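Terminal number for the sequence shown in our numbering: 548, no gaps in between. A virtual CB, placed ideally from N, CA and C, is assigned to each residue, including glycine. Owing to the predicted nature of the structure, the values given are computational and were not obtained by experimental measurement.
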Amino acid sequence: MSLVVLSFLPIFIPFTLFFGGWYLGREKTKYVAQKASRLSFILLIIFLATFPVSYFFTDAWQSSILIRHTALNQIMLGLVTVMGWVLISFSRNYMAGQANLNRYYRWLMFTLASVAITVTTNHLVIFWLGWLGISLSLNNLLTFYADRPRAILAAHKKFMLARVAELSLFAAFALLYQQYDSLYINTIIDTAVAQSSAGLALHWQEQVAACLIALAALIKCAQLPFHGWLIQVVESPTTVSALLHAGVINLGGYLLLLFTPVVAQSSVAIWLLLVVAGLSTLASALIMTTRISVKVRLAWSTCAQMGLMLLEFALGLYELVLLHLLAHSFYKAYSFLNSGNAVNDAIRLRLSSAAKNNTQSSPTNKAVVPNAQTWLLALGLSTAIVVIVRILFGFDSAFSTWWLFALALTVLIVQWRTCEHSPSVVYTFAMGVFLCVIYAALKYATHYALPTYSTHTVQAFSLADIWAMVLFSLLFLLSALLHYQVRWRAVRRLSIALFAGLYLDEWLTRLVLKFWPVTLPARTKQQHHETTNNQPSLKP
Numbered sequence: 009m010s011l012v013v014l015s016f017l018p019i020f021i022p023f024t025l026f027f028g029g030w031y032l033g034r035e036k037t038k039y040v041a042q043k044a045s046r047l048s049f050i051l052l053i054i055f056l057a058t059f060p061v062s063y064f065f066t067d068a069w070q071s072s073i074l075i076r077h078t079a080l081n082q083i084m085l086g087l088v089t090v091m092g093w094v095l096i097s098f099s100r101n102y103m104a105g106q107a108n109l110n111r112y113y114r115w116l117m118f119t120l121a122s123v124a125i126t127v128t129t130n131h132l133v134i135f136w137l138g139w140l141g142i143s144l145s146l147n148n149l150l151t152f153y154a155d156r157p158r159a160i161l162a163a164h165k166k167f168m169l170a171r172v173a174e175l176s177l178f179a180a181f182a183l184l185y186q187q188y189d190s191l192y193i194n195t196i197i198d199t200a201v202a203q204s205s206a207g208l209a210l211h212w213q214e215q216v217a218a219c220l221i222a223l224a225a226l227i228k229c230a231q232l233p234f235h236g237w238l239i240q241v242v243e244s245p246t247t248v249s250a251l252l253h254a255g256v257i258n259l260g261g262y263l264l265l266l267f268t269p270v271v272a273q274s275s276v277a278i279w280l281l282l283v284v285a286g287l288s289t290l291a292s293a294l295i296m297t298t299r300i301s302v303k304v305r306l307a308w309s310t311c312a313q314m315g316l317m318l319l320e321f322a323l324g325l326y327e328l329v330l331l332h333l334l335a336h337s338f339y340k341a342y343s344f345l346n347s348g349n350a351v352n353d354a355i356r357l358r359l360s361s362a363a364k365n366n367t368q369s370s371p372t373n374k375a376v377v378p379n380a381q382t383w384l385l386a387l388g389l390s391t392a393i394v395v396i397v398r399i400l401f402g403f404d405s406a407f408s409t410w411w412l413f414a415l416a417l418t419v420l421i422v423q424w425r426t427c428e429h430s431p432s433v434v435y436t437f438a439m440g441v442f443l444c445v446i447y448a449a450l451k452y453a454t455h456y457a458l459p460t461y462s463t464h465t466v467q468a469f470s471l472a473d474i475w476a477m478v479l480f481s482l483l484f485l486l487s488a489l490l491h492y493q494v495r496w497r498a499v500r501r502l503s504i505a506l507f508a509g510l511y512l513d514e515w516l517t518r519l520v521l522k523f524w525p526v527t528l529p530a531r532t533k534q535q536h537h538e539t540t541n542n543q544p545s546l547k548p
């Protein structure tokens, strides 16, 4: 009994974050950063001390009325706790000297508390209120610098799109309540699993609810054409960008994992994810290559990564979705918080290259353009590696993710073969097998953190699987052309269109401003007027 009580302690983390934010919002600016850092560290220690017991004793009371206590929820709560400690600790120096620090920490704590409540609740109403609280709290962080027009415009678009996602989710929950006559998530999931096992088809309420849940996930993950706000929120503090990209935007994937028994049975919802997320992955990954700004490049990378995560869900690769969610969170948190060192890294690279050129009389370190033979050799070698490893693990699921891994491995092998000190074929083959085995092991390790109903739904070489492989092959081909054949006229036109973001955000911005015009702060208007008047005239 004492172990069950101990496993209950992490549930107090969301409430501690909420009341901590309320208290810090009233605290003096001089001490607010220090107290926030201490509070986040205490919560981290509590979670780490109780996580082993809480994780292995999830079956003791996982059917609680308000709390959903499963391995998946514990992992998500741990992610929130760790990210909260990292961001608050980083903010202590990064935000030092800023005005309204108590306001910053208040809404940061409120956002973390809303996310923690959302990932631990077992009630549809509380889940929706937590989802709403995340958006409202984050909006105050996005507008922390109220004198930046791009930040205000991005928060404005985010506010409207978030309302659409929340209305979609509200309608989906209402339909689920009407169909299952329950507001408890575990009851809805257990009933849906029982119906699926009995071979019963979904009713129209469940079909519509599945599509609305998929739509809410697409909007939350900033898929095209609802992506513009994510690219422009880089005007907010870097810690807010890290919070958004490393935590909040991943909730679309968690939403789908939570309601897998409902969404996975709807072919319309699955194909909605396949088409929208697949095309978003293709476009965002290509557009990312045209960006120069570090933070903007990372933002486009998030669009592509989220699209790939949703595509993995549509293919039935639920273990890979969870692995992708966790890896992306830590990777993007590090990338954004380390973005300030991009200039220093570029200077070091330039100085090291210059020193290397001065010490070598012959230009042996020039980049070598790979020929067709190199590409074919790399593609054949990577395909052989993937097939060998995949045979060991079986072909019981979608092959498209392994095809994507083979294409990525092909690019890596080409880079190895065209560098100055090219490794041997045996070494390249061994490293490829090693990376492939690590990928498979991590994928299957996450299987134990998912519920038993999370099984593969898409078989190898099905229509959905072929669609994904076509998208990945097209991404591989276009990336190679943009990198090596930019002088072709068609490739130049494509590069120009990609540099403009395929013009997708422009019409959405006009549509948003048409329905709800944004009013910029008076200070911004005055600064813009002074800047315009100070510009030199072009008239003779």
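Inset, instruction - Just the C-alpha distance for residue 392 and residue 434, rounded to the nearest angstrom, thanks. - result: When the Cα atoms are used, residue 392 and residue 434 turn out to be separated by approximately 13 Å.
Inset, instruction - Would you tell me roughly how many angstroms separate the C-alpha atoms of residue 334 and residue 188, rounded to the nearest one? - result: A straight line joining the alpha-carbon of residue 334 with that of residue 188 spans about 32 Å.
Legend entry - Contact belief for residue 86 with residue 25 at Cβ below 8 Å, rounded distance in angstroms: About 14 Å; that fails the 8 Å criterion.
Inset, instruction - Put residue 211 into one of helix, strand or coil per three-state DSSP. - result: Residue 211: coil per DSSP, three-state reduction.
Inset, instruction - Below 8 Å on the Cβ atoms is my guess for residue 142 versus residue 127; work out the distance and round it to an integer in Å. - result: In this structure, residue 142 and residue 127 do not form a Cβ contact; the two beta carbons are roughly 10 Å apart against a cut-off of 8 Å.
Legend entry - Integer-rounded CB distance, given that residue 230 should sit under 8 Å from residue 314: Taking a contact as a CB-CB distance under 8 Å, the pair residue 314 and residue 230 counts as one, their CB atoms being some 6 Å apart.
Legend entry - Nonlocal neighbours in the same chain, by C-beta distance under 7 Å from residue 203, ignoring five residues either side: Contacts found: none.
Legend entry - Where the alpha helix (DSSP H) through residue 114 begins and ends: Its alpha helix (DSSP H) spans residues 109-128.
Legend entry - Beta-ladder partner(s) of residue 131, from DSSP: In the DSSP output, where bridge partners are listed per residue, residue 131 has 192.
Inset, instruction - Tell me, please, which residues DSSP counts as bridged to residue 75. - result: In the DSSP output, where bridge partners are listed per residue, residue 75 has 129.
Inset, instruction - Could you check which residue in 510, 45, 101 has the C-alpha nearest to that of residue 292? - result: Residue 510 is the option with its Cα nearest to residue 292.
Inset, instruction - With DSSP as the reference, label residue 324 as helix, strand or coil. - result: In this structure, residue 324 counts as coil in the three-state DSSP scheme.
Legend entry - Exposure of residue 245, with buried meaning 16 or more beta-carbon neighbours within 10 Å: Its Cβ being crowded by 16 or more others within 10 Å, residue 245 is buried.
Inset, instruction - Closer than 6 Å by C-beta to residue 100: which residues in its own chain qualify, once you throw out the five before and the five after it? Chain order, please. - result: In chain order, 41, 45 place their CB closer than 6 Å to the CB of residue 100, counting only its own chain and leaving out the 5 sequence neighbours on each side.
Inset, instruction - Quick one: measure Cβ to Cβ for residue 256 and residue 183, integer angstroms, because I've assumed they're closer than 8 Å. - result: So it is not a contact: roughly 25 Å between Cβ atoms.
Inset, instruction - Kindly indicate which residue of 288, 353, 226 has the alpha-carbon position closest to the one of residue 260. - result: Out of 288, 353, 226, 226 has the C-alpha closest to the C-alpha of residue 260.
Inset, instruction - Whole angstroms is fine: what's the gap from residue 469's alpha carbon to residue 407's? - result: Near 7 Å, if we compare the C-alpha coordinates of residue 407 and residue 469.
Inset, instruction - Would you check if the stretch 501-521 and the stretch 294-313 touch, i.e. whether three or more CB-CB distances between them fall below 8 Å? - result: Result yes; three or more Cβ-Cβ pairs closer than 8 Å.
Inset, instruction - Please classify residue 214: is it buried, with 16 or more other beta-carbons within 10 angstroms of its beta-carbon, or exposed? - result: Counting every other CB atom within 10 Å of its CB across the protein chains shown gives residue 214 a total of 16 or more, marking it as buried.
Inset, instruction - For the stretch 143-187, list the alpha helix (DSSP H) runs that are entirely contained and at least 4 residues long, ordered along the chain. - result: Secondary structure within the stretch 143-187: not one fully enclosed alpha helix (DSSP H) run of 4 or more consecutive residues is present.
Inset, instruction - Note the first and the last residue of the continuous alpha helix (DSSP H) segment covering residue 254. - result: First-last of the alpha helix (DSSP H) with residue 254: 246-254.
Legend entry - Expected contact under 8 Å - CB spacing of residue 130 and residue 221 to nearest Å: Residue 130 to residue 221, Cβ: 17 Å. No contact.
Inset, instruction - For residue 208, count neighbouring Cβ atoms within 10 angstroms of its own Cβ and tell me buried if that reaches 16, exposed if not. - result: Around the Cβ of residue 208, a 10 Å sphere holds fewer than 16 other Cβ atoms; the residue is exposed.
Inset, instruction - Taking 8 Å as the cut-off, decide whether the C-beta atoms of residue 480 and residue 412 are in contact. - result: Yes. Within cutoff.
Inset, instruction - May I ask you to verify whether the stretch 107-121 touches the stretch 153-163, counting CB pairs closer than 8 Å and requiring at least 3? - result: Look at the beta carbons and you see the stretch 107-121 not touching the stretch 153-163: under three pairs across the two are nearer than 8 Å.
Legend entry - Neighbour-count burial assignment, residue 20, 16 or more Cβ in a 10 Å radius: Result: exposed.
Legend entry - Spatial distance of residue 449 from residue 442 (CA atoms): Approximately 11 Å between the Cα atoms of the pair.
Inset, instruction - Answer with buried or exposed for residue 139, where buried requires no fewer than 16 other C-beta atoms within 10 angstroms of its C-beta. - result: Counting other Cβ atoms within 10 Å of its Cβ, residue 139 reaches 16 or more and is therefore classed as buried.
Inset, instruction - Below 6 Å CB to CB, which residues in the same chain sit around residue 290 once its five sequence neighbours on both sides are set aside? - result: For residue 290, where only same-chain residues beyond five positions count, the Cβ hits under 6 Å are 479, 483.
Inset, instruction - Going by CA-CA distance only, name the one from 112, 83, 81 that's closest to residue 96. - result: The alpha carbon of residue 96 has as its nearest neighbour, out of 112, 83, 81, the alpha carbon of 112.
Inset, instruction - Can you check the stretch 469-506 for any alpha helix (DSSP H) of at least 4 residues that lies completely inside it and give the ranges in chain order? - result: You should have 471-492.
Inset, instruction - Kindly indicate which three-state DSSP category residue 375 falls into: helix, strand or coil? - result: Here residue 375 scores only 49 on pLDDT, less than 50, and its place in the model is too uncertain to base an answer on.
Inset, instruction - Select from 32, 197, 163, 224 the residue whose C-alpha is nearest the C-alpha of residue 266. - result: Among 32, 197, 163, 224, the Cα nearest to that of residue 266 belongs to 197.
Inset, instruction - Compare the beta carbon distance of residue 148 and residue 33 with 8 Å and say whether it is the shorter of the two. - result: Note that the C-beta distance between residue 148 and residue 33 is not below 8 Å.
Legend entry - Pick from 445, 379, 398 that is closest to residue 493, judged by C-alpha positions: Sorting 445, 379, 398 by C-alpha distance to the C-alpha of residue 493 places 379 at the top.
Legend entry - Test item: CB-CB of residue 163 and residue 150 under 8 Å: Result yes, Cβ atoms of residue 163 and residue 150 sit closer than 8 Å.
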